[in-house]
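Numbering that gives the first Met the number 0 puts the first residue of the sequence shown at 0, with every later residue one more than the last.
One structure is given below, encoded as structure tokens.
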Amino acid sequence: MAFGPFLLLATLEGLLQAAVLTLTALGLSLVFGVMRVVNVAHGELYMLGAVVAWWVASMFSLHPAVGFFAALVISPLIVGAIAFASERLILKRLNYDPESTIVATIGMLYIIQQTVLLTYGPDARPVSAPFYYRIQLPWFGYSGYNLFVIAAAIVLLLAVWFVLSRTRLGLIMRATQFDREMAQAFGIPIERVYAFVFAAGAMLAAVAAVLIVPIRQAHYLMGLDPLLLSFIVVILGGLGSLRGTVIAALLIGLSDGIISVFFSPTLAKIISTLLVALVLVFKPEGLFGAKAR
């Protein structure tokens, strides 16, 4: 294959990774931006979304699309409910103290991971894609489902942007993010907002997992890479900056996909880590983060 078509293939693979990474990192950034909580268990909530998707899809013996789209609805709801309960039972009781919540979410990470290992097992299991269709480009055929994942991620990002910037709920979340005490003084139920945000962040990760699981099988250890890459994206973009998260996810996803195709996935991870180190040295607040006053 000539260089041009090879580059196009690498770019499409990078866009696919960027689409899933953007949704996952957006959930992490949303939680930190509003709650100032670093959710170390975010990757395991992603993994839980994939495992629940497999469980839901396996219950349907009809066309694969039925099981997949049922999982796309049910899995985020279940993961969101678990995250909501965790926030009420654990994080609320810790009064959202930054150090305590890090330790608590590390504990959540191991509880979720080991529970899935005991109930689901160590084997990787696939979820059938809702359709198998290859779009014939001039140089090669490309998976129509992969393009569907990219399109679905764009639609979800636009929906999140609309909610945050054009609705009353978004206004409440932004007010809580900027000044918790002032928002509370105006009668905003801060703890209820926090519970909703924590659940919403987990649901975004679960949606990303459901979209990718027909391509990469569900496995109890699959949450590690998304967690690390999400932290890289959030640090690059700026903690709590949703715009920065999207741009950084595109940058990391595209570079990771292209470098992985032309060279090796290991080199892609090394470059991503080096980029984070440079940003932390020269611009600690991230590319789009606000400087601390």
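Even for Gly, the Cβ is constructed at its ideal location relative to N, Cα and C.
All figures in this text were calculated on a predicted structure; none of them were measured in a lab.
For the alpha helix (DSSP H) that Gly-66 lies in, which residues bound it at each end? Locating residue 66 in the sequence shown gives position 67, counting from the first residue. It spans 63 to 85 - the alpha helix (DSSP H) in which Gly-66 sits, taken as one unbroken run.
Kindly indicate the opening and closing residues of the beta strand (DSSP E) around Gly-140. If you number the sequence shown from 1, residue 140 lands on position 141. Unbroken beta strand (DSSP E) run through Gly-140: 140 to 142.
Beta-carbon contacts of Phe-197 that lie in its chain and below 8 Å, excluding the five residues immediately before and after: As a working note, residue 197 is residue 198 in the sequence shown. Only Val-30, Met-34, Val-36, Asn-38, Ala-82, Phe-83, Ser-85, Glu-86, Leu-90 meet the Cβ criterion.
How many Å lie between Ala-205 and Ser-74 at the Cα? To locate residue 205, count along the sequence shown from 1; it is residue 206. To locate residue 74, count along the sequence shown from 1; it is residue 75. Taking the straight line joining both Cα atoms gives about 7 Å.
What are the complete alpha helix (DSSP H) segments, minimum 4 residues, inside the stretch 233 to 274? 241 to 261
Quick check: the Cα distance between Ser-271 and Ile-251, rounded to an integer number of angstroms? Start at 1 with the first residue of the sequence shown, and residue 271 comes out as number 272. Start at 1 with the first residue of the sequence shown, and residue 251 comes out as number 252. Looking at the two C-alpha atoms, the distance is approximately 7 Å.
Taking the straight line between their C-alpha atoms, what separation do you get for Ala-64 and Asn-94? As a first step, residue 64 must be located in the sequence shown, where it is residue number 65. As a first step, residue 94 must be located in the sequence shown, where it is residue number 95. Cα to Cα, the separation comes out at about 43 Å.
Quick check on DSSP: helix, strand or coil for Arg-35? The count along the sequence shown starts at 1 and reaches residue 35 at position 36. Here Arg-35 carries a coil assignment [DSSP, helix/strand/coil].
Do Thr-244 and Leu-22 have their beta-carbon atoms positioned less than 8 Å apart in this structure? The residue given as residue 22 occupies position 23 in the sequence shown. The residue given as residue 244 occupies position 245 in the sequence shown. Their beta carbons are not under 8 Å apart, which means Leu-22 does not touch Thr-244 by this criterion.
Measure the C-alpha to C-alpha separation of Arg-124 and Met-221 and round it to an integer number of angstroms. For the purposes of this step, residue 124 is taken as the residue at position 125 of the sequence shown. For the purposes of this step, residue 221 is taken as the residue at position 222 of the sequence shown. Straight-line Cα distance between these residues: approximately 11 Å.
Let me confirm a value: Leu-273 is counted as buried when at least 16 other C-beta atoms fall within 10 Å, else exposed. Which label applies? Along the sequence shown, one-based indexing puts residue 273 at 274. Leu-273 is exposed by the Cβ-count criterion.
When you compare the stretch 3 to 22 with the stretch 251 to 263, are there three or more beta-carbon pairs, one atom per stretch, that lie closer than 8 Å? yes
Residues near Ser-99 by beta carbon distance below 8 Å, same chain, minus five either side: Against the sequence shown, residue 99 aligns to sequence position 100. So the list reads Leu-93, once near-sequence residues are dropped.
With a 10 Å radius around its C-beta and 16 neighbouring C-beta atoms as the bar for buried, classify Ala-291 as buried or exposed. By 1-based counting over the sequence shown, the position of residue 291 is 292. Any answer about Ala-291 is weak, because its pLDDT of 49 lies below 50 and its placement is not dependable; what the coordinates show is given next. Looking at its Cβ environment, which holds fewer than 16 other Cβ atoms inside 10 Å, Ala-291 is exposed.
Could you name the residues that DSSP lists as bridge partners for Gln-112? Working through the sequence shown from its first residue, we reach residue 112 at position 113. Answer by DSSP bridge pairing: none, since Gln-112 is not bridged.
Cβ of Phe-253 within 8 Å of Cβ of Gly-3? Reading the sequence shown from its first residue, position 254 is the one you call residue 253. Reading the sequence shown from its first residue, position 4 is the one you call residue 3. Note that residue 253 is Leu in the sequence shown, not Phe. Result no, Cβ atoms of Leu-253 and Gly-3 do not sit closer than 8 Å.
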